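Everything below concerns the one structure shown next.
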Amino acid sequence: MDEFVLARVLHILGVVLWIGGVAMVTTVLLPAVAKMKLAGERIEFFEHIESRFATQARYTTLLVGLSGFYMVHILDGWNRFVELHFWWMHAMVFVWGVFTLMLFVLEPWVLHRWFKTRALNKPEQTFVLIQRLHWFLLGISLITVAGAVAGSHGWVLFGEG
Numbered sequence: 014m015d016e017f018v019l020a021r022v023l024h025i026l027g028v029v030l031w032i033g034g035v036a037m038v039t040t041v042l043l044p045a046v047a048k049m050k051l052a053g054e055r056i057e058f059f060e061h062i063e064s065r066f067a068t069q070a071r072y073t074t075l076l077v078g079l080s081g082f083y084m085v086h087i088l089d090g091w092n093r094f095v096e097l098h099f100w101w102m103h104a105m106v107f108v109w110g111v112f113t114l115m116l117f118v119l120e121p122w123v124l125h126r127w128f129k130t131r132a133l134n135k136p137e138q139t140f141v142l143i144q145r146l147h148w149f150l151l152g153i154s155l156i157t158v159a160g161a162v163a164g165s166h167g168w169v170l171f172g173e174g
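Each number in the numbering used here comes from the position in the sequence shown (counting from 1) with 13 added on.
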């Protein structure tokens, strides 16, 4: 079971770096950027800073996904995905899937260009949209982390435990 412990350690470290980074961007970086005088500068500056975090987020989401699926495999825990009281496992896969789609597909291939074009015409509204998206992502992430910690320690919110 040493491999399982290592997988769990890597999983938790990955989540801390990934969701901690999302929290920092959402609660520190975006409010600081919002204080910049020119709305057009906000998006450009934010994109520059966040692109560095996006690289870290790509590596950590890969690590979290691989370690998470490995742990489910080792535990033969696939049946948990059909039991309502393991809702937090569905939430983990959902949040991981959303971020993976954003980081590897939508952001580099669609959103980067779309936000840049939109910011030229509506810089203020574009920045507000970016802030709202980050708050949404942070919110679902924190609910998932809280549910996963509580659920993995026996707390049951839905269904029978």
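Built from N, CA and C at the ideal position, the CB exists for glycine as well. Treat the numbers as computed from the prediction; the structure is a model and nothing was measured.
query                                                                                                                                                                                      : result
Buried or exposed for F140, please, with buried defined as at least 16 other CB atoms from any protein chain shown within 10 angstroms of its CB.                                          : buried
Could you tell me the boundaries of the alpha helix (DSSP H) in which R93 lies?                                                                                                            : Per DSSP, R93 belongs to no alpha helix (DSSP H) and is neither H nor E.
CA-CA distance, L84 and S64?                                                                                                                                                               : Here residue 84 is Met; the residue named in the question, Leu, does not match the sequence. Each residue's alpha carbon lies about 30 Å from the other.
Is the beta carbon of V158 less than 8 Å from the beta carbon of W109?                                                                                                                     : no
Looking at M105 and G81, is the spacing between their C-beta atoms short of 8 Å?                                                                                                           : yes
Can you confirm whether the stretch 68 to 77 touches the stretch 131 to 146 when touching is taken to mean that 3 or more C-beta pairs between the two stretches lie within less than 8 Å? : no
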